[in-house]
Each structure stands twice: as structure tokens, then as C-alpha cells.
Amino acid sequence: MKLRARILAEIRAFFSTRDVMEVETPLLSLAGSTDPYLESFTSHYQGPLFAAGQTVYLQTSPEFAMKRLLAAGSGPIYQICKAFRNGEAGGQHSPEFTMLEWYRPGFDHHVLMDEVEALVGTVLKTGAAKRITYRGLFLEHVGLDPFKLSAADARACLQARNTNPPELADAAIDDWLSLIMTHVIEPALGAGLVFVHGFPASQAMLARVVSTDEPPVAQRFELYINGMELANGFYELADAVEQRRRFEADLQQRQQLGLTEVCMNQALIDALEYGLPDCSGVALGVDRLLMLAAGAENIDEVLAFPVNRS
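Residue numbers for the sequence shown follow this note's numbering, beginning at 1 and rising by one.
Here it is in C-alpha cells:
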């Protein structure tokens, strides 16, 4: 707990010197995450605000609310807050966790990588980071081009490394890429910081896509330290029409997978229509940062009360 308090103080001091304002946004939202790979916790509000009651969602990230602040003219902002993801648990996952998220108007994702590296270096006293494209990472570690990979190639890759792949007959190629990343590449990354950038357009999430590249790539990065994913950053999508299209595609996929129906975040669409400044943003797992600082093997070691003892 003392280490956590010290690290939070260091984070706040880091942003104070850079004139990035700390903000606070609600944990409850009227819209849940449409991401098919995330499941929101829900509750039901009964009171004077909504005559028939209202389903509310605990945030999986403060991203949408913070983008609304950016569109309203906040300037550079950061937030340290709780986030909640239903169904997540494991050595590096907790259903309730602490997230650091910040946004930098005028930065592209490469400049933001510089700042992420500086922050992590301040807290962990790390050296310089390696930077590699997603394609370069796959070519280096498994000798396969992820933009040309077939399901048969992926299965053979996993089997050759004594990983028994699950039955994924109808899976998208991104599911196979994810398996190779988590089961083969991440364990082989070794010590130190590695930024991976230039993801396939199908993995853009909320990042811009460079359609003039062949194949198109998402302007997104992930930071790994000692093989653990620590941060996920984007050169933020500012196109309201494209954002709506992605939300609708998510909702269609959720329906096909039989997942809980959620409402898309119309307030974010409205903010993008009003005008999101050209910016990049990143989310960083504070508990994982603490694990690295403490040399902990399991996230429960750095939580005052893990959820099963809460």
C-alpha cells in the first residue's frame, strides 16, 4: 500500500510538471461498452430521474467521458480511476482494477509513446524501449506475416510450439493472431520495454486507420514490459460517422455471439460531431505497473482486497 501511494504521487507529479490536468468522470454510465470482448457490470437505478427505472453500467474505461471533455475544450487531461470488466480474473486480471488514462491534443501516437516511455521510466527506472511494428514482431518471432496469415498457418504455428489450439472453425483471423500473440510471442518478448505499433485495421478499436497503406494499418500501440501488456494507446478516431459504423458492427457481432445487448454511447457520437481535437490517448494498468515495481507474480498481491475477499 505504501508503494501504491508513492507511485500514484509520482504519476500526479509527472503530469503536474507537464501541465496535464487531472479530471474525474462518473463511474456509472447510461451506455455500456459495445466491444464484443468486454462485458460491463450493470445495475438498475430506481428513483426520480427515470420514472420506469434505468439500467446503468459501470465503466470499462473512462475513455468516452474523457473524450466528451476534450470536445468541450478541456485541453490535455488525465484520470486515475476504477474500471470494471465482468468475467475477467487471473494472474494479471481483476474484475475491478485501477486505470490511468490520459489524452494529449496535438500528439500523434508516436509522440505519445515517447511520453509513456518517460512516465514508466520515472516510476520503474527502466531503460530505453524497443519499438517494432506488429508485422515485424510476427516475422521476428514466428516467421509469419500477420497480414497474410491463414487459419491453417496459425494452427500449424501453434502446434509446432506444443500449443494445442482450440477448435476455431468459424473464428476470424484476429482470434488466431491473438492466440499466437498470447501463447507464443508475449512469453518470448523477454525483459525490458517493447512498443508494438501498426496493428491490422481489423484491430483498430478506437484508433484511426491509414487507408493509404497497403494493407491498411491502425495507428495504435501496445506497451509490453517483461512480456506483460501494460498500456494500449491510439491516435484517436475523430470521425463520428466511422465511430457509429464501428459501434454498429460491434453490436451486430455481439448479437451473433449471443452476448448481452447494450446501447451504443450516443453522447460520444455527439461529441465527435461537435469536434474532437486532433489527439492521442492511452490507457495504462496501474495494478500491473505496481506488480512490476513490486516484483509480484499475481495481481492479487498488489490489491488491498481482491474481489473474492472484498
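Quick reminder that beta carbons are idealized off the backbone N, C-alpha and C, glycines included.
Secondary structure note for Val-56: its beta strand (DSSP E) is the uninterrupted segment 50 to 58. Going by beta carbons, Ala-238 and Asp-287 fall outside the 8 Å limit. Taking Gly-285 as reference, the option from Arg-245, Leu-70, Phe-84 with the minimal CA-CA separation is Phe-84.
Burial state of Thr-17 is exposed, judged by a 10 Å Cβ sphere holding fewer than 16 other Cβ atoms. Secondary structure of Pro-146 (DSSP, three-state): coil. Counting along the chain, Tyr-274 sits inside the alpha helix (DSSP H) bounded by residues 266 to 275. Per DSSP, the unbroken alpha helix (DSSP H) holding Leu-112 starts and ends at 109 to 124. Burial is judged here by how many other beta carbons sit within 10 angstroms of a residue's own beta carbon; Arg-6 has fewer than 16 and is exposed. Bounds of any beta strand (DSSP E) do not take in Met-291; it lies within the alpha helix (DSSP H) bounded by 286 to 294.
When rounded, the separation of the alpha-carbon atoms in Gly-32 and Ala-249 is 15 Å.
In the DSSP assignment, Glu-242 falls outside any beta strand (DSSP E) and within the unbroken alpha helix (DSSP H) covering 240 to 257. About 11 Å separates the beta carbon of Phe-221 from that of Gly-281, a gap too long to meet the 8 Å contact definition.
The C-beta distance from Ile-80 to Leu-100 rounds to 5 Å, short enough to meet the 8 Å contact threshold. In the three-state reduction of the DSSP assignment, Glu-10 falls in the helix class. Annotation for His-183: Leu-158, Thr-163 place their beta carbon closer than 7 Å to its own, counting only its chain and skipping 5 residues before and after.
Counting only the Cα atoms, Ala-191 lies some 31 Å from Asp-35. Using a Cβ distance threshold of 8 Å, Pro-105 and Leu-69 do not count as a contacting pair.
From the listed residues Thr-260, Arg-309, Ile-299, the smallest Cα separation to Tyr-57 is found for Thr-260. When C-beta atoms of the stretch 131 to 141 are compared with those of the stretch 40 to 60, fewer than three pairs fall below 8 Å, so the two segments do not count as touching. If you look at Ala-218, you'll find it in the beta strand (DSSP E) that goes 217 to 225.
Counting along the chain, Ser-43 sits inside no alpha helix (DSSP H); it lies in the beta strand (DSSP E) bounded by residues 42 to 47.
With a beta-carbon spacing of about 18 Å, Gln-252 and Leu-268 fall beyond the 8 Å limit used to define contacts.
Ranked by Cα distance from Leu-124, the first of Ala-201, Leu-3, Asp-270 is Leu-3. Three or more beta-carbon pairs drawn from the stretch 88 to 95 and the stretch 296 to 303 are found closer than 8 Å, and the two stretches are therefore classed as touching. Collapsing the DSSP output to three states places Leu-177 in a helix. Excluding sequence positions up to five before and after Glu-186, its CB lies within less than 6 Å of the CB of Gly-227, all in the same chain and listed in chain order. In this structure, DSSP gives Ser-29 an extended state, which the three-state scheme calls strand. Bridge partners of Phe-84 according to DSSP: Glu-96.
The bridge partners DSSP lists for Leu-158 come to none.
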